[in-house]
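Last residue of the sequence shown: 255 (the numbering used here), numbering continuous.
Here a beta-carbon is modelled for each residue, glycine too, at the ideal position from N, C-alpha and C.
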Amino acid sequence: MEKERDDELHLAEETKDTNFEVTDVSERKNENTEDAEPEDFIQIRTETYAKHDHKEYKEAAEDKKEAESKDEEKEKKSSKTFFIALGIFALILLAIFLIPHFFNKEPLTLSEAHQENLKEGKDTDMQYVYNGYSFVYYDGLWYTQIYNQLSNDTYNVPLHFGPKNLTDIVIAGDLNAFFGTVSTSNISNGTMRYYLTFDPNDTNMGYIALANGELSQNLVKTFNIAPVSACTAADDQCASVPVVTCNTTDQPVVY
Numbered sequence: 001m002e003k004e005r006d007d008e009l010h011l012a013e014e015t016k017d018t019n020f021e022v023t024d025v026s027e028r029k030n031e032n033t034e035d036a037e038p039e040d041f042i043q044i045r046t047e048t049y050a051k052h053d054h055k056e057y058k059e060a061a062e063d064k065k066e067a068e069s070k071d072e073e074k075e076k077k078s079s080k081t082f083f084i085a086l087g088i089f090a091l092i093l094l095a096i097f098l099i100p101h102f103f104n105k106e107p108l109t110l111s112e113a114h115q116e117n118l119k120e121g122k123d124t125d126m127q128y129v130y131n132g133y134s135f136v137y138y139d140g141l142w143y144t145q146i147y148n149q150l151s152n153d154t155y156n157v158p159l160h161f162g163p164k165n166l167t168d169i170v171i172a173g174d175l176n177a178f179f180g181t182v183s184t185s186n187i188s189n190g191t192m193r194y195y196l197t198f199d200p201n202d203t204n205m206g207y208i209a210l211a212n213g214e215l216s217q218n219l220v221k222t223f224n225i226a227p228v229s230a231c232t233a234a235d236d237q238c239a240s241v242p243v244v245t246c247n248t249t250d251q252p253v254v255y
């Protein structure tokens, strides 16, 4: 009997402990249940966090896009600046090569000046066309061109004055007869003589001698004739040359 009573007491104690543990678990469950958040609140919080994370991601993406756009704009500006500088450099080089061409043109040769004069019909103080002949002031002298039919050459004839400077000078005699005779004769024709005469008493003998020499040279080149120097009056200076006037010969005479 005593043993059975001890067993009952032991069983009662175990049952008591079990009830205590169940009660403790139940109380903990109730406590956890009271402390737990509602599911709706959890969902709202989750959505809020998701929206916040999405907003941060969107802002970060926009910042990145803006930074890339700025970098691209800087690169475009840099490229634009480079091409502008390259264009300016090319223009400068072009100007360096072209400016001398326009402002420092090489002077025309005498033949080129005559061709330009005849083509454009210039009428300036330095170039003009007179009675179909080109006259160009070049290197301190006036020049015209005359074609030699015998040699088939064109000569640049130097002159101290152009025809416009000599319009007030009166020419006497028949020039057509003179040049007609010249055009049908040449230096090989010994029967025809051409006289260049001068007054031995003239005070400007230096100029006369210069004119005589230049005219003789031009007649030889352009007409293949060799004029003969002659005096218009007897004088000691004319001991070696004939005395000729227009009244003493029927051959061409220039005085």
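Given this structure, state the Cα-to-Cα distance separating residue i from residue j, to the nearest angstrom.
i: L150; j: V241; result: 29 Å
i: Q145; j: T109; result: 13 Å
i: A233; j: T248; result: 12 Å
i: Q217; j: N148; result: 14 Å
i: S69; j: L98; result: 43 Å
i: V136; j: P163; result: 11 Å
i: I169; j: A211; result: 16 Å
i: Y261; j: D236; result: The chain is shown only over 1 to 255; residue 261 falls outside these bounds and no answer can be derived.
i: T81; j: E75; result: 10 Å
i: T167; j: A90; result: 55 Å
i: D250; j: N165; result: 31 Å
i: G87; j: S79; result: 12 Å
i: E120; j: I84; result: 43 Å
i: I92; j: G213; result: 55 Å
i: V254; j: E116; result: 33 Å
i: N204; j: L94; result: 58 Å
i: P252; j: I171; result: 15 Å
i: G206; j: G180; result: 30 Å
i: D125; j: K77; result: 57 Å
Leaving out five residues before and five after residue i in sequence, what residues of the same chain have Cβ atoms less than 6 Å from its Cβ?
i: C238; result: P200 and C231
i: T154; result: Q145 and Y147
i: T245; result: T232
i: I96; result: none
i: T222; result: I146, N148 and Y155
i: L11; result: Its pLDDT being 48, under 50, L11 is placed unreliably in this model, and the coordinates cannot settle the point.
i: V228; result: R193 and Y195
Assuming residue i is part of the beta strand (DSSP E), what are its boundary residues?
i: V228; result: V228 to C231
I believe residue i touches residue j by the beta-carbon criterion, under 8 Å. Please report the beta-carbon distance rounded to the nearest angstrom.
i: K122; j: Y130; result: Not confirmed; about 11 Å, so no contact.
i: L141; j: L118; result: Contact flag wrong, Cβ pair sits at about 19 Å.
i: N143; j: N156; result: Looking at the sequence shown, residue 143 is not Asn but Tyr. The Cβ separation is near 5 Å, so the contact holds.
i: L196; j: L175; result: Not quite, the Cβ-Cβ distance comes to about 15 Å (not below 8 Å), so this is no contact.
Going by beta carbon distance, what residues of the same chain come within less than 7 Å of residue i, once the five residues before and after it are set aside?
i: Y138; result: L110 and A113
i: I208; result: F198 and D202
i: N32; result: Because N32 carries a pLDDT of 48, less than 50, the predicted location of this residue cannot be relied on, and no value is offered for it.
i: K29; result: Per-residue confidence for K29 stands at a pLDDT of 45, beneath the threshold of 50, marking its modelled position as unreliable; the derived number appears in the next sentence. Closer than 7 Å at the Cβ level, and outside the excluded window around K29, lies no residue.
i: S26; result: Low confidence applies here, because S26 scores a pLDDT of 47, under 50, leaving its location unreliable; read the following figure in that light. Cβ neighbours of S26 beyond the five flanking positions: none.
So, at 8 Å on beta carbons, what are the nonlocal neighbours of residue i in its own chain, with the 5 sequence-adjacent residues on each side left out?
i: V243; result: A230, C231, T232, A233 and A234
i: F161; result: W142
Is residue i close to chain B, meaning its C-beta is less than 7 Å from at least one C-beta of that chain?
i: G213; result: This model lacks chain B altogether; it includes just one protein chain.
Item to check | Contiguous beta strand (DSSP E) assignments of at least 3 residues, all confined to the segment 90 to 168 | outcome: The segment 90 to 168 contains these whole beta strand (DSSP E) runs: 127 to 130, 133 to 138, 141 to 148 and 153 to 159.
Checklist entry - Where are the beta strand (DSSP E) runs, 3 residues long or more, that stay fully inside the segment 186 to 225, in chain order? => result 195 to 198
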